[in-house]
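Only one structure is covered here, and it is reproduced in the block below.
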Amino acid sequence: MEVCDWGDVPVGWRRRHLLGLEDMSAGEIELILDQAERFRLILMRGASYESCNRKIPLLSGKTCVNLFFENSTRTKTSFSLAARRLGMDVVDFSASTSSLSKGETFIDTVKNLEAMQVDVIVVRHSCPGTAMLLSENIRGHVLNAGDGAHEHPTQALLDILTIRQRFGKVAGLTVALVGDIAHSRTARSNIWGLRALGANVILCGPSTLVSRQWEALGVKVSYSLDAILDQVDVFNLLRIQFERQVIRPFPSTREYAHLYGMDAARLAKAKTDVLIIAPGPINRGLEVTPDVADGQHSAILDQVTNGVAIRMATLWMCINVKPEN
Amino acid sequence: MEVCDWGDVPVGWRRRHLLGLEDMSAGEIELILDQAERFRLILMRGASYESCNRKIPLLSGKTCVNLFFENSTRTKTSFSLAARRLGMDVVDFSASTSSLSKGETFIDTVKNLEAMQVDVIVVRHSCPGTAMLLSENIRGHVLNAGDGAHEHPTQALLDILTIRQRFGKVAGLTVALVGDIAHSRTARSNIWGLRALGANVILCGPSTLVSRQWEALGVKVSYSLDAILDQVDVFNLLRIQFERQVIRPFPSTREYAHLYGMDAARLAKAKTDVLIIAPGPINRGLEVTPDVADGQHSAILDQVTNGVAIRMATLWMCINVKPEN
Amino acid sequence: MEVCDWGDVPVGWRRRHLLGLEDMSAGEIELILDQAERFRLILMRGASYESCNRKIPLLSGKTCVNLFFENSTRTKTSFSLAARRLGMDVVDFSASTSSLSKGETFIDTVKNLEAMQVDVIVVRHSCPGTAMLLSENIRGHVLNAGDGAHEHPTQALLDILTIRQRFGKVAGLTVALVGDIAHSRTARSNIWGLRALGANVILCGPSTLVSRQWEALGVKVSYSLDAILDQVDVFNLLRIQFERQVIRPFPSTREYAHLYGMDAARLAKAKTDVLIIAPGPINRGLEVTPDVADGQHSAILDQVTNGVAIRMATLWMCINVKPEN
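Protein chains in written order, with our numbering: chain A, 124 to 448; chain B, 124 to 448; chain C, 124 to 448.
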């Protein structure tokens with residue numbers, strides 16, 4: 124492996140944990156995006172024939188635990204690959220087979236992991252605030268991989284990185300988050316991150332999923348996708364999360380697709396350089412038609428690559444932050 | 124770790140994927156077997172006390188994803204060990220907890236894995252053609268770990284390697300595949316591989332499991348194991364796959380063992396240097412009696428070791444194949 | 124990584140397997156504790172900011188298989204971390220998805236793992252004697268991670284290491300094992316290890332869980348925790364294992380806590396330097412109150428760290444033992 128001399132984490136970075144974007148400054152977000160761009164270059168280099176190594180063992184000897192209390196293959200795999208690309212050992216701690224089912228408290232489970240001298244815990248839990256609770260109870264580093272409907276900061280960061288790559292900036296752009304805002308931690312993290320960087324945010328969806336109360340966060344609310352088509356630079360098509368919904372928020376998926384699905388006809392009325400992103404997994408034919416998902420305006424797969432880069436950046440920056448900062 | 128100078132993959136190898144043996148030439152199969160022999164030497168070297176290292180990090184920095192949609196500990200563990208011995212990082216992508224259960228299409232799941240910049244996908248799926256479908260949709264490398272009742276190429280290659288080790292050749296030998304041909308991807312891959320290398324193949328089992336139509340592949344069909352005992356150099360005792368059978372293909376396991384089980388009495392009537400192999404997991408007392416399974420004619424455990432060597436060989440050769448070839 | 128010159132395993136160590144403490148001499152136990160102390164120093168060194176590496180790749184290139192037939196996140200994670208810290212590759216072999224469900228025998232499954240050239244198998248099984256059965260059937264090394272209610276040697280070794288760290292010795296101390304002795308493999312291993320090192324052992328609990336027959340092992344039996352409070356140097360508060368109990372051994376958890384739970388009132392009557400340990404996962408408010416579990420007499424989290432060190436020591440010593448010894 125190559126000699127690693129990436130030096131210190133960027134000046135100005137002082138966080139030991141990545142809990143959310145709500146209180147993060149534009150400067151901090153830009154530090155993460157810049158670092159992720161550097162890691163992305165390594166991720167993308169070379170075809171497999173060339174004997175090139177896409178690993179950069181900056182965190183060799185460190186251990187990362189994936190503590191996932193909700194099913195997630197995509198995010199967990201992305202974090203695992205990011206950690207291994209940095210040379211870390213990764214251990215999955217499956218909640219279903221864990222001591223929690225034997226009556227142990229959450230904090231005791233976590234303190235046990237800490238006592239095994241792990242360096243970082245990546246946590247996903249259905250309860251908002253889990254990542255923060257964890258960070259207040261252990262000496263190690265905590266990265267939030269989603270806490271209830273609260274925050275999912277790495278998802279928002281990869282969305283924002285994808286936007287910045289396409290437009291070269293984020294400030295001044297108009298970004299529409301379309302669909303299931305009510306159940307979406309991704310929406311919350313995106314709103315805070317995009318607002319910090321100076322973007323305009325429009326929330327768009329049926330009134331059962333988008334409340335006027337969101338306007339308090341400095342965003343606009345629209346109940347008509349057609350009405351905003353020509354004002355928007357980026358459409359972020361949130362997943363309809365059937366698995367999170369207690370009551371049916373719209374009469375049928377056919378009606379949802381008709382009113383809020385992105386298709387070729389709507390795309391034709393949008394700006395010529397409009398960007399389509401989606402956190403996935405996508406429901407083809409519901410939030411987005413296949414031709415749009417696979418078309419030239421879509422950056423859905425770029426987002427996935429950026430996800431690994433964002434997770435490499437935040438792992439490295441949180442673990443290598445200077446003490447006392 | 125030792126310095127790795129294994130040079131290029133063998134001249135004549137031009138495949139990026141290992142999908143099956145149906146269209147593979149004798150020369151290509153021999154290249155894989157020869158390479159596997161070299162890796163086997165490393166696998167087998169030294170007792171554990173000697174501070175010898177059985178790892179050869181030719182694929183260090185590469186990432187392998189195990190994408191298994193059917194339960195398999197044996198084959199998945201063998202691939203995992205092979206990949207790690209070559210220095211790869213291995214990530215298991217469990218189908219049951221994956222986004223597929225959230226409505227994502229198979230190709231979308233795979234394209235997401237690809238976008239995370241993984242190098243090779245090892246895939247098992249109940250649907251024939253899955254590995255080929257995959258190979259046509261991603262830039263990375265695909266190794267087929269079993270697709271429905273179609274092909275299971277690494278199993279056939281390890282069977283054939285075991286035969287070649289014992290007899291020094293394959294051409295001219297008579298190999299009987301005994302038992303559940305109808306449900307066996309292993310049988311198909313074996314037939315194509317053995318025929319390419321010049322072996323004679325006899326399929327033997329009850330008529331409910333062995334159709335005369337197989338003769339179109341250049342093999343003989345026999346419904347009596349006793350009738351072929353003295354003609355056969357290698358008996359490959361296929362597993363009765365109760366888990367794949369919809370209807371009961373024979374009246375009782377007792378009758379099956381009576382007619383098609385390999386036991387000491389039958390072994391006594393076979394050639395003196397006859398070889399017994401079985402893909403496993405074996406049903407002791409059904410396809411084979413314990414004394415035969417554990418006896419001197421059996422190479423059942425050699426097959427398992429050869430399995431790791433074959434998987435190392437095919438991983439290395441597919442990943443390091445020269446572009447444009 | 125640093126150059127590893129840890130030389131040979133300690134003179135006097137001659138075991139290829141760690142099956143239990145019943146037949147282990149004081150000298151052998153001390154060798155393990157001493158080695159674990161050395162590994163613990165590496166585990167504990169440095170905060171994460173310092174670019175220090177807590178890995179010591181003495182077993183690089185070796186492969187460890189976790190063969191767990193009972194759910195265990197804590198012990199399995201501890202073994203995995205220990206093996207990886209020593210540079211090993213770790214493969215989990217999940218019993219639920221294994222070939223055992225396809226009718227393969229236990230020994231055949233294990234012989235298959237062996238044929239894949241793995242170096243060590245860490246096994247947990249509900250059947251007493253599993254680890255020994257395994258050790259008699261394979262060439263590799265076996266570490267017992269719990270066999271039924273028989274032995275759990277690494278748990279006892281980490282308990283004893285924690286005691287020795289606090290008191291500087293074990294001989295002459297009085298250690299009380301409190302609670303569910305009947306279902307506890309940890310109790311058996313502790314009794315043999317503590318007795319070998321010259322400690323006095325008292326078993327304490329309700330008569331449904333503690334039989335007078337235990338006295339044959341050279342221990343005392345008490346049915347009153349209050350009666351022994353001032354005689355004991357170490358209380359090891361065993362978990363009430365609801366998941367192992369067929370009949371209810373006491374009227375209510377409230378009664379159990381009242382009679383056998385360790386709380387501040389009892390602690391006040393104990394020796395001033397009394398040590399509280401518990402194998403966990405603890406039932407807060409049952410075996411121990413939160414204030415005691417988290418108080419200054421408790422070494423519950425030290426035990427967890429010691430667990431990784433003990434597993435590193437036993438892995439390294441068993442794998443590197445000299446042949447013919």
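By construction, the Cβ of each residue, glycine as well, lies at the ideal position given by its N, Cα and C atoms.
Quick one: is residue i near chain A, going by C-beta distance under 7 Å?
i, result
"C/V431", "yes"
"B/H140", "no"
"B/E193", "no"
"C/R371", "no"
"C/W136", "no"
"C/L424", "yes"
Name the residue from the options whose alpha carbon lies nearest to the alpha carbon of residue i.
i, options, result
"B/F192", "B/F229, B/F290, B/D414 and B/A305", "B/F229"
"B/Y383", "B/T412, B/S421, B/F290 and B/G184", "B/T412"
"A/I423", "B/D215, B/T232, B/L181 and B/G316", "B/T232"
"B/I155", "B/A401, B/S203, B/M385 and B/R287", "B/R287"
"A/G235", "C/W315, C/K292, C/Q336 and C/P404", "Checking the displayed sequence, the identity of residue 235 of chain A turns out to be Asn instead of Gly. Closest option to A/N235, Cα to Cα, is C/P404."
"B/A322", "B/D349, B/V355 and B/V293", "B/V293"
"A/L190", "A/L164, A/E237 and A/D146", "A/E237"
"C/D242", "B/T309, B/L144, B/A254 and B/L204", "B/L204"
"A/E410", "A/L360, A/R168 and A/M147", "A/L360"
"C/I399", "C/S330, C/M167 and C/V357", "C/V357"
"B/D396", "B/L352, B/V431 and B/R362", "B/L352"
"C/V134", "C/V324, C/Q158, C/F162 and C/P180", "C/Q158"
"A/G295", "A/S330, A/R318, A/V344 and A/R311", "A/R318"
Based on the DSSP secondary-structure assignment, which residues constitute the bridge partners of residue i?
i, result
"A/S345", "A/C327"
"A/H248", "A/D270"
"C/C187", "C/V213 and C/V243"
"A/L141", "A/L266"
"B/G358", "It should be pointed out that residue 358 of chain B corresponds to Phe in this sequence rather than to Gly. B/F358 is bridged to B/A299 and B/I399."
"A/V411", "A/M385 and A/R407"
"C/S421", "C/I399"
Using a beta-carbon distance below 7 Å, is residue i in contact with chain B?
i, result
"A/E173", "In this predicted model, A/E173 has a pLDDT of only 47, less than 50, meaning its place in the structure is not dependable; the value taken from the coordinates is given anyway. Taking Cβ atoms only, chain B never reaches closer than 7 Å to A/E173, which makes this a no."
"A/V427", "yes"
"C/V246", "no"
"C/A170", "With a pLDDT of 45 at C/A170, under the threshold of 50, the predicted position of this residue should be treated as unreliable, though the coordinate-derived value follows. Chain B, which has no Cβ nearer than 7 Å to the Cβ of C/A170, makes this no."
"C/V214", "yes"
"C/G291", "no"
"C/A436", "no"
"C/G226", "yes"
Can you confirm whether residue i, when its beta carbon is compared against all beta carbons of chain C, has any partner nearer than 7 Å?
i, result
"B/K178", "yes"
"A/G143", "no"
"B/E125", "Note that B/E125 has pLDDT 41, beneath the 50 cutoff, so the model's placement of it is unreliable and the number below is only indicative. Cβ-Cβ to chain C under 7 Å: no for B/E125."
"A/V131", "Correcting the residue type first, residue 131 of chain A is Asp in the shown sequence and not Val. It does not: the Cβ of A/D131 has no partner Cβ on chain C nearer than 7 Å."
"B/L182", "no"
"A/W439", "no"
"A/G295", "no"
"A/G341", "no"
In chain F, which residues lie with their C-beta within 8 Å of the C-beta of residue i?
i, result
"A/M167", "Among the chains of the structure shown, chain F does not appear; the protein chains present are A, B and C."
Open item on the list: Contact between the segment 201-215 of chain A and the segment 194-208 of chain C is defined here as three or more beta-carbon pairs at a separation below 8 Å; is this criterion met?
Closed with: yes
Open item on the list: Whether or not the segment 238-249 of chain B and the segment 260-274 of chain B are in contact is what I'm after, with contact meaning three or more pairs of Cβ atoms, one per stretch, closer than 8 Å; do they touch?
Closed with: yes
- [ ] Select from the segment 389-411 of chain C all residues with a C-beta closer than 9 Å to any C-beta belonging to chain A, and list them in chain order.
- [x] G403, P404, I405, N406, R407 and L409
- [ ] Please name the residues in the segment 228-262 of chain C whose beta-carbon is closer than 9 Å to at least one beta-carbon of chain B, in chain order.
- [x] T228, D231, T232, K234, N235, L236, E237, A238, M239, Q240, V241, D242, V243 and R262
Open item on the list: Against chain C, which members of the segment 305-328 of chain B pass a CB distance test of less than 8 Å?
Closed with: none
- [ ] Take every Cβ of the segment 426-443 of chain C, pair it with every Cβ of the segment 251-268 of chain C, and state whether three or more of those distances are shorter than 8 Å.
- [x] With the cut-off at 8 Å, the segment 426-443 of chain C and the segment 251-268 of chain C touch.
Open item on the list: Please identify, using Cβ separations under 7 Å, the residues of the segment 196-209 of chain C that lie next to chain A, in order along the chain.
Closed with: Result list: T196, R197, T200, S201, S203, L204 and R207.
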